[in-house]
Structure formats: C-alpha cells, structure tokens
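K.L.:
First residue of the sequence shown? That's 47 in the numbering used here, and the numbers climb one at a time after it. Glycine residues also receive a C-beta, built at the ideal position from the N, C-alpha and C atoms. Small disclaimer: the values here were computed from a predicted structure and weren't measured. First, the structure itself, so that you have it in front of you.
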Amino acid sequence: MDIATIVGLISGFIFIIWGIFISGDIGSFIDIPSILIVLGGTLASTLISYPIKSFLGTFRVVKNAFLHKEISPDSVIVEIIQLANVARKEGLLSLEEFGEKIDDEFLKKGIMLIVDGTDPELVRNILETELVFLEERHTEGQSIFETMGSFAPAYGMLGTLIGLINMLQKLDDPSNIGPNMAVALLTTFYGSFFANVVFLPTANKLKIRSKREVLVKELMVEGLLSIQAGENPRIIEEKLKTFVPPELRDDYKGQLESEEA
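Following this line, the structure appears as structure tokens:
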C-alpha cells in the first residue's frame, strides 16, 4: 500500500476543511447540485473521450495508485547477479529451474527465451516490444486522470454560470443575491478542488510509477542479455549499477555481499 498517496489525499481534504472551518461555516460549502454538476459532467466528458473499456479500467488504475507494490532496482540487480553466477557455473539451461520460481512475469519470460536458445537480438526485440506496449497502457491510464483534471474546472465554471443565471432571474429580491452568488461560486470551488487534490496528483503519481517500472524492466533486459552473452558476473554487476542512483549503490552493495555470504 502506498502510504504517501493515502496521506497526501487525506491531508489535502483535512487542511482544506480545516481552513474552511476556521474561516467560516463548513455547512455553507456543501451543495449537492454543485457536486453533481462537477463530478457528473467530468465523468460524462471523460466517457465521451475514451472507449468504454478504457473508462471502466480506470478503477483498476486507481487501485494501482494505492496498492501498487514497487520493485526496487537494487533487489533486481541482486537477483540478476545470482542468475549470472548460476549460468556461469552450470550453463544457461540451468536457469529454467530458477526461472520457474521467479514471480515477475517479465523477467521469467526473458529467462525462458534465453533457455530456449532464442537469438539475442530477437530476445531484445521481444522484450522491448513488450515494454513499449506496457508504457502505452500506463500512458492511457495517466491520460484519463489528466483529462478529468482538465474537465473538472471547466464544469466548475459551467456550474457557476448556471448559478449566476438563476441569481439574475431573481434580482427583484435582493435578499437572495448573496446566497445565490455563494452557491454559484461553489461549483468553481469543487472543480478546482477535485482537479488539484484528486485527479491531477493521481495522474502524476501514476506517471512516476510508470517511469520507475520501465526503468526496472530495462535493467532486466540489459541483465538478461549480458547473461546470455556469457559476461562475467562482476562486469554485469558494474553495468547494472549504472541504473541505480549513486547514493543507493552502497545499500545495493551491502545486499549483494550478504547474498554472496
């Protein structure tokens, strides 16, 4: 579970509600018609913009934002070096047994391609093609939330215009002008709130997750091809360390040494 996403979302609600509570009456900021205009309109326009299958897949994307388990590059490097040592001592065919125990489907697929004697260039093409389509799927999920983030303020403004029209129709009663103006502005508030607290931050979190996942898988591709080429495990280690930020390489090195011990 991603604590940062949950804490950020909850704290966003808390600070805004806290600010409202300190400055005025929280009840005056609750207006069901305004919420319906903003959320209903945003969802409707998003549904028009994307195929129904992609739209319904949004729920799975939201789950990934909260429950996605991130794979650290250093742990993958340790695993690759272990495989390199096995291949060096027992041959590439011995990797099949180890590949069956690996949970990551991408890494397992690469190992099986190597075991089957697939040409290295073809192995790279297959794995990189899979990476391209992975990025495409991730980009679609991100774009849905970016689209919702762009539509929400627009519907907030639309709701404000609706409120102003209703207010102007009742100018003969000055006592209604203030309350109607407040309600009209609430839709702008809701549009900005949902866009900047929910939709756009979620899109940004998914974008960061996607970049990190692609980086790890590129590391896997490089490591597998190095194993297939019969490179020395120490050379593979140095090559793969370039994927890890310098400040994390000492932690990685400690993990590798503990594994070798």
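Please determine, among Thr233, Leu204, Thr193, Phe289, the residue with the shortest C-alpha to C-alpha distance to isoleucine 94.
P.N.:
For the residues Thr233, Leu204, Thr193, Phe289, the minimum Cα distance to isoleucine 94 belongs to Thr193.
K.L.:
Does the distance from the C-beta atom of valine 290 to that of aspartate 165 stay below 9 Å?
P.N.:
no
K.L.:
Examine the Cβ distances between the region 202-213 and the region 50-64 and report whether three or more of them are shorter than 8 Å.
P.N.:
no
K.L.:
For phenylalanine 75, report the span of its alpha helix (DSSP H) as first-last.
P.N.:
Note, phenylalanine 75: premise wrong, no alpha helix (DSSP H); not H, not E.
K.L.:
Nearest by alpha-carbon distance to valine 229: which of Ile83, Arg255, Gly58, Trp64 is it?
P.N.:
Ile83
K.L.:
Across the region 193-208 and the region 71-87, are there enough close Cβ pairs to call them in contact, namely three or more that are closer than 8 Å?
P.N.:
yes
K.L.:
If we count the other Cβ atoms within 10 Å of its Cβ and call it buried at 16 or more, is threonine 233 buried or exposed?
P.N.:
The residue is buried, with at least 16 neighbouring Cβ atoms inside 10 Å.
K.L.:
Measure the alpha-carbon distance for leucine 177 versus arginine 280 and round it to whole angstroms.
P.N.:
26 Å
K.L.:
Using the beta-carbon count (16 or more within 10 Å), is arginine 106 buried or exposed?
P.N.:
exposed
K.L.:
Evaluate contact between the region 147-162 and the region 215-222, counting only Cβ atoms and requiring at least three cross-stretch pairs below 8 Å.
P.N.:
no
K.L.:
For the candidate residues Asp77, Ser189, Asn131, whose alpha-carbon lies nearest to that of threonine 248?
P.N.:
Checked all of Asp77, Ser189, Asn131; the closest Cα to threonine 248 is Ser189.
K.L.:
Does the distance from the CB of leucine 265 to the CB of leucine 286 come in under 9 Å?
P.N.:
yes
K.L.:
Compare the Cα-Cα distances from isoleucine 172 to each of Leu271, Glu283, Ile66, Glu277 and report the closest residue.
P.N.:
Leu271
K.L.:
Give the DSSP-derived three-state secondary structure of aspartate 120 in the structure shown.
P.N.:
Here DSSP, grouped into helix, strand and coil, assigns aspartate 120 to helix.
K.L.:
Can you check which of these residues, Arg258, Thr175, Glu174, is closest to lysine 115 by C-alpha distance?
P.N.:
Arg258
K.L.:
Please return the same chain residues whose Cβ sits closer than 8 Å to the Cβ of isoleucine 66, not counting the five positions on each side in sequence.
P.N.:
Ile72, Phe75
K.L.:
Since valine 243 and arginine 170 should fall inside the 8 Å C-beta cutoff, what is the C-beta to C-beta distance between them, to a whole number of angstroms?
P.N.:
That belief does not hold up - the Cβ atoms of valine 243 and arginine 170 are roughly 42 Å apart, past 8 Å.
K.L.:
So is leucine 141 buried or exposed if we call it buried at 16+ other beta carbons inside 10 Å?
P.N.:
Flag for leucine 141 reads buried.
K.L.:
Would you kindly check if the distance between the Cβ of glutamate 277 and the Cβ of alanine 130 is under 9 Å?
P.N.:
yes
K.L.:
Can you list, in chain order, the residues of its chain whose CB lies under 6 Å from that of lysine 263, leaving out five sequence neighbours each side?
P.N.:
The residues are Phe152, Leu177.
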